[in-house]
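When the letters of the sequence shown are read in order and numbered with our numbering, they come out as residues 181 to 538.
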Amino acid sequence: MKILNGDLSKKDIENWLRETDPKKLSILWDTADALRLKYVGNTVHFRGLLEISNHCIRKCTYCGINSAFQTIPRYRMSKEEVMAGVYNIAELGYGTVVMQAGEDYGLTREFIADIIQSIKIHTSLAVTLSLGERPHEDLLAWKKAGADRYLLRFETSAQNLYRLIHPSLGAAEPLLQRFHILKKLRDLGYEIGSGVMIGIPGQTYQVLANDIDHFRALDLDMVGVGPYIASPETALGRGLIEIPDVGNEQVPANELMTYKAVALARLVCPQANIPSTTALATINRVDGRELGLKRGANIVMPNITPTKYREQYTIYPNKAGINESALACATAIRHRIEKLGREAGSGAGGRSRDGSMP
Ligand code: 5AD
Numbered sequence: 181m182k183i184l185n186g187d188l189s190k191k192d193i194e195n196w197l198r199e200t201d202p203k204k205l206s207i208l209w210d211t212a213d214a215l216r217l218k219y220v221g222n223t224v225h226f227r228g229l230l231e232i233s234n235h236c237i238r239k240c241t242y243c244g245i246n247s248a249f250q251t252i253p254r255y256r257m258s259k260e261e262v263m264a265g266v267y268n269i270a271e272l273g274y275g276t277v278v279m280q281a282g283e284d285y286g287l288t289r290e291f292i293a294d295i296i297q298s299i300k301i302h303t304s305l306a307v308t309l310s311l312g313e314r315p316h317e318d319l320l321a322w323k324k325a326g327a328d329r330y331l332l333r334f335e336t337s338a339q340n341l342y343r344l345i346h347p348s349l350g351a352a353e354p355l356l357q358r359f360h361i362l363k364k365l366r367d368l369g370y371e372i373g374s375g376v377m378i379g380i381p382g383q384t385y386q387v388l389a390n391d392i393d394h395f396r397a398l399d400l401d402m403v404g405v406g407p408y409i410a411s412p413e414t415a416l417g418r419g420l421i422e423i424p425d426v427g428n429e430q431v432p433a434n435e436l437m438t439y440k441a442v443a444l445a446r447l448v449c450p451q452a453n454i455p456s457t458t459a460l461a462t463i464n465r466v467d468g469r470e471l472g473l474k475r476g477a478n479i480v481m482p483n484i485t486p487t488k489y490r491e492q493y494t495i496y497p498n499k500a501g502i503n504e505s506a507l508a509c510a511t512a513i514r515h516r517i518e519k520l521g522r523e524a525g526s527g528a529g530g531r532s533r534d535g536s537m538p
């Protein structure tokens, strides 16, 4: 089976996703690991994650903080709380802050721009935003304020499935709007990150192969893939959404499949920054993070959200590390990285297109 980036066809990707022979799979892991070393080096970069609000206007049927849940407690961090987290991240020696939230217009354009400016004045951190499908004017203002990167997973490239998991908010909303927004972000000068969940109901091998092919076509700077973890209160988790039955073609939402997707993401986007995700660490608490890092990933995203808010940011249940303090989490992760023979990074770790190590 062909393995090199330029050569890898959509069919090859699909065949790798179906592969079960451990000997053949070890070729995939080794190739991904070698490409990781060649293109992004031995350093594992940290992104300190701040979940700044769990308010959301969307009704994504897989997500535990979607707006259909009217009874869950909602929070929105103040500027002081966000900045305290930012200083914490800088003190821990991480090079990037990721501000993530539901799609929350209570986080106004001005509020976020003001925080970005303060971060840039007081620290040397890179700023990554993950705030949903915001209008052009917001994305522009935040770029001008100094934001560096934006994460927006497109979740699936299959249009019919997308509508079932991500209901439209109005007739005017174009289908697959997230692809348009990613393009816009790129034009505005952001580094762009996207990705999908592995094993959402209705995701076939062919669809996931097509998703991974899109990572390449979008030339993503960052790729995030993690297993789908059914959130028991959601419509999708409760089986209330009528997903067409795809039988044996359904991609399983398991660990092995996630490693395949991480490795294939490295093959199609060799220069990208790829996290070993919290969702992966959630389904294998023992060494999920390490195995992700050994099979293509080069980033970890320790959660720096104040503990009192973390349990309210339940996009899926039993999230790994939910009770760990930032410091305990930082120490444990550094230890794990060193045990793998890798270095814990301290810089911003942006995408490098010229072959020089970030
Ligand atoms: N299982 C796994 N990942 C999820 N996300 C949202 N809900 C779930 C879930 N139930 C992912 C989505 C989103 C990212 C922030 O979290 O891919 O883009």
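Ideal placement from N, C-alpha and C gives every residue a C-beta, glycine not left out.
When distances are taken from the beta-carbon of Met437 to the heavy atoms of the ligand 5AD, even the shortest one reaches 8 Å or more.
Straight through space, the alpha carbons of Arg216 and Leu447 are spaced by roughly 9 Å. Within the chosen limit of 8 Å, the ligand 5AD does not reach the beta carbon of Gln339 with any heavy atom.
Not a single heavy atom of the ligand 5AD lies less than 8 Å from the C-beta of Cys236.
One thing to note: Ile454 has its Cβ within 9 Å of the Cβ of Ile479.
Residue pairing by DSSP places Arg333 opposite no residue, since no beta bridge is assigned to it. Taking a C-beta distance under 9 Å as the contact criterion, Lys239 and Leu349 qualify as a contact pair.
In this structure the stretch 496 to 515 does not touch the stretch 256 to 264; the number of beta carbon pairs closer than 8 Å is below three. About 23 Å separates the CB atoms of Leu344 and Leu398; that is not less than 8 Å, and the two are not in contact. Between Leu188 and the set Thr211, Pro202, Thr200 and Ser206, the nearest pair of CA atoms involves Thr211. In this structure, Ala461 has its CB at a distance of at least 8 Å from all heavy atoms of the ligand 5AD. Listed in chain order, the alpha helix (DSSP H) runs fully inside the stretch 339 to 386 are 339 to 345 and 357 to 368, counting runs of at least 4 residues.
Judged by DSSP in its simplified three-state form, Glu199 adopts coil rather than helix or strand. For the pair Thr485 and Arg333, the Cα-to-Cα distance works out to about 21 Å. Within its own chain, the residues whose Cβ lies closer than 6 Å to the Cβ of Leu230, once the five positions on either side in sequence are excluded, are Gly265, Met279, Ile484 and Thr485, listed in chain order.
If you measure from each CB to the nearest heavy atom of the ligand 5AD, the residues under 5 Å come out as Tyr242, Cys243, Arg333, Met377, Tyr408, Ile409, Ser411, Ala459, Ile495 and Tyr496. Closest in C-alpha terms to Pro432, from the list Ile295, Asn464, Ser411 and Thr384, comes Thr384. Beta-bridge analysis with DSSP links Asn453 to Met402. Annotation for Ala528: no alpha helix (DSSP H) segment contains it, and DSSP assigns it neither H nor E. By the Cβ-count criterion, Ile301 is exposed, with fewer than 16 other Cβ atoms from all chains shown falling within 10 Å of its own Cβ. If you draw a 10 Å sphere on the C-beta of Pro407, you find 16 or more other C-beta atoms in it, and that means buried. Only buried fits Lys474, as 16 or more other CB atoms lie within 10 angstroms of its CB. Fewer than three pairs of CB atoms, one per stretch, sit closer than 8 Å, so the stretch 237 to 253 makes no contact with the stretch 520 to 532.
A distance below 9 Å separates the beta carbons of Tyr489 and Tyr255. Using a Cβ distance threshold of 9 Å, Ile292 and Leu320 do not count as a contacting pair. For Val448, the uninterrupted alpha helix (DSSP H) segment begins and ends at Glu435 to Val448. When C-alpha distances from Gly286 are compared across His360, Thr438, Arg469 and Ser233, the shortest belongs to Ser233. Here His360 is exposed, its C-beta having fewer than 16 other C-beta atoms within 10 Å. DSSP places Val262 inside the alpha helix (DSSP H), whose first and last residues are Lys259 to Glu271. For Leu507, the closest C-alpha among the options Trp196, Ala270 and Leu208 is that of Ala270. Contact between Glu317 and Arg289 is confirmed by a C-beta separation of about 7 Å, below the 8 Å threshold.
DSSP places His225 in no alpha helix (DSSP H) but in the uninterrupted beta strand (DSSP E) bounded by Thr223 to Ser233. Here the C-alpha atom of Met377 lies approximately 6 Å from the C-alpha atom of Glu335. Around the beta carbon of Glu518, fewer than 16 other beta carbons sit within 10 angstroms, so the residue counts as exposed.
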